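Visitor: Sharing a structure below in structure tokens format, with a few things to ask.
Number of protein chains: 2
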Amino acid sequence: MFDRVLIVGLGLLGGSFALALREASLATQILGTDVNPDHECEALALGLVSALWERQNSAKPFDLIFVAVPPSQVASVLAGLSPWVHPATLVTDACSVKAPVASAMQAALGNHAGLLPAHPIAGWHTSGPSSGRRDLFAGRPVILTPLACTSPASRSLAAQLWTALGAHIVEMEAGPHDALLALISHLPHLLAYGTVNLALDRDADLSLAGPGFRDATRLAQCPAGLWADIALANHAALLPTLDAFIHELQNLKEAIRSGNQGHLTQRLARAQQARASLSDG
Amino acid sequence: MFDRVLIVGLGLLGGSFALALREASLATQILGTDVNPDHECEALALGLVSALWERQNSAKPFDLIFVAVPPSQVASVLAGLSPWVHPATLVTDACSVKAPVASAMQAALGNHAGLLPAHPIAGWHTSGPSSGRRDLFAGRPVILTPLACTSPASRSLAAQLWTALGAHIVEMEAGPHDALLALISHLPHLLAYGTVNLALDRDADLSLAGPGFRDATRLAQCPAGLWADIALANHAALLPTLDAFIHELQNLKEAIRSGNQGHLTQRLARAQQARASLSDG
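Protein chains in written order, with our numbering: chain A, 47 to 327; chain B, 47 to 327.
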């Protein structure tokens, strides 16, 4: 499907993408680059990439550029990449925030027909090249947020690519994507970090915590730098989501304070029913 | 270890306790009772109990009474049980809240030397007699909160009992227990219910939620009635915990609003480090 592929960012997502591309035999040559030289060496040693990319030694354009870095770094990693982008190069990403990332991509590459911001809803609380999993995207949704400049050919190519990796495609605009992800991903991360911080503030004995606490705070193991970056990039959607969540907590608090068992039970039962209907138990 | 055992409440905890007692051959006869007649029939059919207990047909006292009902029901289920309690009967429970439950136990049975409130930190998001697991308490901590009236013999017997079921004993006063559990259990439950409710309020497409959302909201599958009951019973510790958590969220919100990447990253990194050091990944 692709002759030359460049993966920018060789962590969990970039590494998993490389493994998945190889597994599906979708690329002739996979080059990689990372701001962290240790990650570059590790990715090379693990065979995730055939070689590291060095601008000065390479004139050939890429057929696919996959950007898997924190949102705030997208602008800088794409800056100056135009010489390696031919008219049909698919340039896509894996960021959890789309509107600001799409702007950064356009700022770097203009109205390139191959620009197609994307977000595979797949992740894990591990990080670094060694955490790559070839099946990370299998069975997962990938949200594509095409721009006005994105060509039908690029959309079709991206759909073929992700389908070949076992993912299924959902198209959405960047704004609704960012509002949805603030709610179903960025908020839960902040709640997990916040719960652990409160426990630390109070010197709580976490050796007594049960499996529920571990599930509820698993996301607090995700890299702090990455998630601070995502929260800041998505501040426009995340701040009102935090306000709405604080309002929900105040509502529960008032029911507890006033001993309103009926209202409290009703609120919890509504959530219980909806959560029980989600697959995976 | 026990001749006659009565289990009051035949849900996840009562059912698991019955299975674990049998597995360890600790009881000659296990009787059970539940406010829900369906649960009684199910427990009998599953062989969790040898027979259902009926007050009017039984004069013999019990050697162990295990109360596994929501906190608000403890007073009513123990009321009038004195005739079945002999001086050495161990009367214990599994409630997630201890101070109000200890008061209810004393109100029903006075300063009985065998009164020993307990809380096995073990659970799951399933419920009912069929959810019982014989290994639910294996490897888990059990917090004992002895009263002034609790005899050394009762403490020793309870320690032997839980140790035989594979649990390990932690002794604590009821107040610190309730503050700790508000933080490491009751708060995470409310955050899970609240997150799902906010998603419902916004008509979010939960089919797009990833494994992180599922972990973060798994506790929202717990029975709403039970958890409303626990939250109300522990209001004294839970309300200030909710206030402190809202304060933590407001702190994170302010860091995001003002773009204070350093402070935000530092807060998240502190939690990441602490969570990573908890066993179970």
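Where a beta carbon is used, it is the ideal one built from N, C-alpha and C, also for glycine. Computed from a prediction, not measured in an experiment: that's the story for all the values here.
Show which residues of chain A have a CB atom less than 9 Å away from the CB atom of B:Phe63.
Guide: Start at 1 with the first residue of the second sequence, and residue 63 of chain B comes out as number 17. Going along chain A, no residue has its Cβ under 9 Å from B:Phe63, so there is no contact; the nearest lies around 16 Å.
Visitor: Starting from the N-terminal side, write out each stretch of the alpha helix (DSSP H) that is 4 residues or longer and does not extend beyond the stretch 138–187 of chain B.
Guide: 145–155
Visitor: What residues are listed by DSSP as bridge partners for B:Thr79?
Guide: Within the second sequence, residue 79 of chain B is the residue found at index 33, counting from 1. Beta-bridge pairing links B:Thr79 to B:Val54.
Visitor: Is the CB-CB distance between B:Gly160 and B:Val123 below 8 Å?
Guide: Taking the second sequence and counting its residues from 1, the one referred to as residue 160 of chain B is at position 114. Taking the second sequence and counting its residues from 1, the one referred to as residue 123 of chain B is at position 77. It is not a contact, given that the beta carbons lie outside the stated cut-off.
Visitor: At a CB-CB cut-off below 8 Å, which residues of chain A make contact with B:Gly169?
Guide: Taking the second sequence and counting its residues from 1, one reaches residue 169 of chain B at position 123. Chain-order list of chain A residues neighbouring B:Gly169: Gly256, Pro257 and Gly258, by C-beta distance under 8 Å.
Visitor: Which chain B residues sit within Cβ distance under 7 Å of A:Ser231?
Guide: Position 185 of the first sequence, counted from the first residue, corresponds to residue 231 of chain A. Ordered by position in chain B, the residues that pass the 7 Å Cβ test against A:Ser231 are Gly256, Gly258 and Phe259.
Visitor: Touch check for the stretch 229–245 of chain A and the stretch 234–241 of chain B: three-plus C-beta pairs under 8 Å?
Guide: yes
Visitor: Any beta carbon from chain B within less than 8 Å of A:Asp251's own beta carbon?
Guide: Translated into positions along the first sequence, residue 251 of chain A becomes position 205. By this cut-off, A:Asp251 is an interface position.
Visitor: Any idea what DSSP makes of A:Asp328, helix, strand or coil?
Guide: Look at the range of chain A in this structure, 47 to 327, and you will see that residue 328 of chain A is not part of it.
Visitor: Starting from A:Ile276 and walking both ways along the alpha helix (DSSP H), at which residues does that stretch end?
Guide: By 1-based counting over the first sequence, the position of residue 276 of chain A is 230. Segment Ala270 to Ala279, the alpha helix (DSSP H) holding A:Ile276.
Visitor: Can you list the residues of chain A that B:Ala270 reaches, using a CB-CB cut of under 7 Å?
Guide: Your numbering for residue 270 of chain B matches position 224 in the second sequence. Here the neighbours are Thr311, Leu314, Ala315 and Gln318.
Visitor: Would a C-beta distance cut-off of 8 Å place A:Leu90 and A:Ala64 closer than the cut-off?
Guide: Here the question's residue 90 of chain A lines up with position 44 in the first sequence. Here the question's residue 64 of chain A lines up with position 18 in the first sequence. Contact: no.
Visitor: Count the CB pairs spanning the stretch 302–314 of chain B and the stretch 248–255 of chain A that are closer than 8 Å, and state whether there are at least three.
Guide: no
Visitor: Since I believe A:Pro116 is in contact with A:Asp275 (beta carbons under 8 Å), could you give me their beta-carbon distance rounded to a whole number of angstroms?
Guide: Along the first sequence, read from residue 1 onward, the residue named residue 275 of chain A stands at position 229. Along the first sequence, read from residue 1 onward, the residue named residue 116 of chain A stands at position 70. The Cβ separation is near 4 Å, so the contact holds.
Visitor: Going by the beta-carbon positions, is the gap between B:Val113 and B:Asp139 smaller than 8 Å?
Guide: The residue given as residue 113 of chain B occupies position 67 in the second sequence. The residue given as residue 139 of chain B occupies position 93 in the second sequence. The answer is yes: Cβ separation under 8 Å.
Visitor: Between the alpha carbons of B:Gln319 and B:Phe183, how many angstroms are there, rounded?
Guide: Here residue 319 of chain B refers to the residue found at position 273 when the second sequence is read from its first residue. Here residue 183 of chain B refers to the residue found at position 137 when the second sequence is read from its first residue. Distance between the alpha carbons of B:Gln319 and B:Phe183 is about 28 Å.
Visitor: Relative to the alpha-carbon of A:Ala270, which residue among A:Arg179, A:His235 and A:Ala121 has its alpha-carbon at the smallest distance?
Guide: As a working note, residue 270 of chain A is residue 224 in the first sequence. Comparing Cα-Cα distances from A:Ala270 to each of A:Arg179, A:His235 and A:Ala121, the minimum goes to A:His235.
Visitor: At a Cβ threshold of 8 Å, is A:Ala290 touching chain B?
Guide: Looking up residue 290 of chain A in the first sequence gives position 244. So, interface residue.
Visitor: Tell me the rounded alpha-carbon separation between B:Glu294 and A:Leu278.
Guide: Within the second sequence, residue 294 of chain B is the residue found at index 248, counting from 1. Within the first sequence, residue 278 of chain A is the residue found at index 232, counting from 1. The alpha-carbon atoms of B:Glu294 and A:Leu278 are separated by roughly 17 Å.
Visitor: Counting only beta-carbon atoms, is A:Thr191 nearer than 8 Å to chain B?
Guide: Counting from one through the first sequence, the residue named residue 191 of chain A turns up at place 145. Interface with chain B (8 Å Cβ-Cβ cutoff): A:Thr191 is excluded.
Visitor: Please check if any C-beta of chain A sits within less than 8 Å of the C-beta of B:Arg264.
Guide: Position 218 of the second sequence, counting from 1, holds the residue named residue 264 of chain B. Yes, because at least one Cβ of chain A sits closer than 8 Å to the Cβ of B:Arg264.
Visitor: Whole angstroms are fine: how far does the CA of B:Asn103 sit from the CA of A:Arg321?
Guide: Along the first sequence, one-based indexing puts residue 321 of chain A at 275. Along the second sequence, one-based indexing puts residue 103 of chain B at 57. Roughly 43 Å separates the two Cα atoms.
Visitor: Chain A partners of B:Gln307, CB-CB under 8 Å?
Guide: On the second sequence, position 261 is the one that residue 307 of chain B refers to. Chain order gives the chain A residues near B:Gln307 as Ala274, Asp275 and Leu278, where near means a beta carbon separation below 8 Å.
Visitor: Nearest CA to the CA of A:Leu162: which residue from A:Gly169, A:Ser177, A:Leu246 and A:Cys141?
Guide: As a first step, residue 162 of chain A is located in the first sequence; it is residue number 116 there, counting from the start. Checking every option, the nearest Cα to that of A:Leu162 belongs to A:Cys141.
Visitor: Give the residues from the stretch 231–245 of chain A that approach chain B closer than 8 Å (Cβ to any Cβ), ordered along the chain.
Guide: Using a CB distance below 8 Å, the part of the stretch 231–245 of chain A facing chain B consists of Ser231, Leu233, Pro234, His235, Leu236, Leu237, Ala238, Tyr239, Gly240, Thr241, Val242, Asn243, Leu244 and Ala245, ordered along the chain.
Visitor: With 16 as the cutoff for other CB atoms within 10 Å, does B:Lys202 come out buried or exposed?
Guide: Taking the second sequence and counting its residues from 1, one reaches residue 202 of chain B at position 156. Going by the sequence as given, residue 202 of chain B is Ser instead of Lys. Flag for B:Ser202 reads exposed.
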